[in-house]
Amino acid sequence: MVSDRVAQVERILDGVMDPELPFLTITELGMIQGCDLDKDGTVVIKLTPTYSGCPATDAIQDDIKSALQPVEPRFRIEIVHAPAWTTDWISPEAREKMRLNGIAPPEGTSADKAFLLGKSHTVPCPRCDSEDTRLVSPFGSTACKAHYQCNECAEPFDHFKCF
Amino acid sequence: MADQQHEWILRLGDDALVLAQRLSEWCSHGPALEEDIALSNIALDLLGQARALLTLAGQRESQGRDEDALAYFRTDREFCNALLVELPNGHFGDTIVRQMLFDQFAVLRYEALASQAVDLELAAIAAKALKEVRYHAAHSAQWVVRLGDGTEESHRRVQKSLNVLWQYTAELFEDDAVSKACDEAGVQPLNGSFTARWTEQVRAILDEATLTCPESTALLTGGRSGRHTEHLSYMLAEMQVLQRTYPGAEW
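Residue numbers (the working numbering), protein chains in the order written: chain X, 315 to 477; chain D, 7 to 257.
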């Protein structure tokens, strides 16, 4: 019974999409750090923000609430900062979905400090697969993305930063 | 110690909040679209850090003040940010030199805070912030090199920025009763302990930028104890006006 409620919440959370990447769920992005019952029988959802200032975090909490309210009367969202969110938690399937949606997924792992220089990894163009691309700006349309351009097909594109 | 630790977290939060507010003034005024977006992104990261830090400071203070109460309902004399971050933006070179000087310090401070196990809530915020400020540090250093080692005009202008802003850097490394208590509790080593590494890293960036590191002469201080430049008062007037006029307004 108890685990049924948690399992149901997890199932519903699996359907909550990220507002900035509407083809990915918050679970796929690694933002859900577990669901559990506390001693009062409330389902506690541990949510970790991607970036400290990501404005989508508030919208995501609202989306979770509206998805859960019809079925689960007792839940609360707890924001957790540790361990710090990393793109290493994004699954290979989710990375493939990014590529299909025109966003170059993070390359390599966050342990590779050279990513800070923005030139360590080749970031292939998500449109034409060319490896001849250039960094336009390390800061893109949202905190989690950098701005690139393909030298081959000339298409500008977002790169989900390795973080 | 509890009092001093609350004060300590407030200083971290105020540094982030005041610099976030300053950088956000660049929004739609950036020298290029990409840089406009970059400065806004950095401002947003800092604002997120400030929110987490001020929330924690409010909880430790136990007087029922949340992040908004601390941001909007304190006077200039109650802010304890370093003077460096409250200075007006000036031109883009001024902003980016200030950013480089601060980022190099922020990385060292967050590294220390992220690696201690005395205050785990603070360590968690610091570990997250560290990843962000490292990214900022790479960006600001790159710009300082580009402008310093750029044209004669850009070199002359950022050298001037550096000469002025340098006067405000010593304050970052000052220690007082609050920082000593945090050092003794094992939360963060003394600010002074960062001086050597900061100087070494900043000098390396300045060398590459062909800029001359200023001599330490008259140094300005006072921010940690609420003695600010007049610029903070004007900045807060703008930042706080809505909540001061309509307390508790939400939208």
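Every residue gets a Cβ at the ideal spot worked out from N, C-alpha and C, and that includes glycine.
- The beta carbon of Asp443/X is closer than 6 Å to none in its chain, skipping five residues each way along the sequence.
- Per DSSP, the unbroken alpha helix (DSSP H) holding Phe98/D starts and ends at 98-121.
- Taking 7 Å as the CB threshold, Ser405/X stays off the interface with chain D.
- Lys137/D reaches chain X at Ala398, Phe477, counting residues in chain order whose Cβ is nearer than 7 Å.
- For Ala370/X, the CB contacts under 6 Å within the same chain, skipping 5 residues up- and downstream, are Pro333, Glu334 in chain order.
- The C-beta of Thr447/X has 16 or more other C-beta atoms within 10 Å across all chains shown, which makes the residue buried.
- Uninterrupted alpha helix (DSSP H) stretches at least 4 residues long and entirely within the stretch 385-456 of chain X occur at 406-414, given in chain order.
- Annotated as distal: Thr362/X and Gln375/X, with beta-carbon spacing of 7 Å or more.
- Under the Cβ criterion (8 Å, minimum of three pairs), the stretch 166-184 of chain D counts as touching the stretch 104-117 of chain D.
- The way I'd put it, the stretch 163-172 of chain D does touch the stretch 90-102 of chain D; three or more beta-carbon pairs between them come closer than 8 Å.
- Neighbours of Asp51/D across chain X, judged by C-beta separation under 8 Å: Tyr365, Ser366, Gly367, Ala457.
- Listed by position along chain D, the residues whose Cβ is nearer than 7 Å to that of His461/X are Glu40.
- For the stretch 50-78 of chain D, the residues whose beta carbon sits under 8 Å from a beta carbon of chain X are, in order, Leu50, Asp51, Leu52, Leu53, Gly54, Gln55, Arg57, Ala58.
- The residues Leu16, Gly19, Leu60, Ala63, Gly64, in chain order, have a CB closer than 8 Å to that of Leu76/D in the same chain once the five nearest residues on each side in sequence are set aside.
- A residue is called buried once 16 or more other Cβ atoms fall within 10 Å of its Cβ, and Thr223/D, having fewer, is exposed.
- Taking a C-beta distance under 7 Å as the contact criterion, Thr401/X and Pro420/X qualify as a contact pair.
- Straight-line spacing of the CA atoms in Tyr141/D and Ser366/X works out to 13 Å.
- The DSSP assignment places 73-78 as complete runs of the alpha helix (DSSP H) inside the stretch 52-81 of chain D, in order along the chain (cut-off: 4 residues).
- The Cβ-Cβ distance between Ile48/D and Ala147/D does not fall below 7 Å.
- In terms of Cβ geometry, His12/D and Arg83/D do not form a close pair [threshold 7 Å].
- Residues of chain X whose Cβ lies closer than 7 Å to the Cβ of Ile131/D are, in chain order, His395.
- Shown here for Lys360/X: same chain residues with a beta carbon closer than 6 Å to its own, the five before and five after excluded, namely Gln347, Gly348, Glu392, Val394 in chain order.
- Under the three-state reduction of DSSP output, Asp377/X falls in the helix class.
- Non-local C-beta neighbours of Ser185/D in its own chain, meaning closer than 8 Å and more than five positions away in sequence, comprise Trp14, Gln194, Leu196, Asn197, ordered along the chain.
- For Val450/X, the neighbours in chain D by C-beta distance under 9 Å run, in chain order, Glu40.
- Under the Cβ criterion (8 Å, minimum of three pairs), the stretch 130-139 of chain D counts as touching the stretch 51-58 of chain D.
- Burial state of Arg209/D is exposed, judged by a 10 Å Cβ sphere holding fewer than 16 other Cβ atoms.
- Below the 9 Å Cβ cutoff, chain D contributes Glu40, Glu41, Ile43, Ala44, Leu45, Ser46, Asn47, Ile48, Tyr141, His145 as neighbours of Phe453/X, in chain order.
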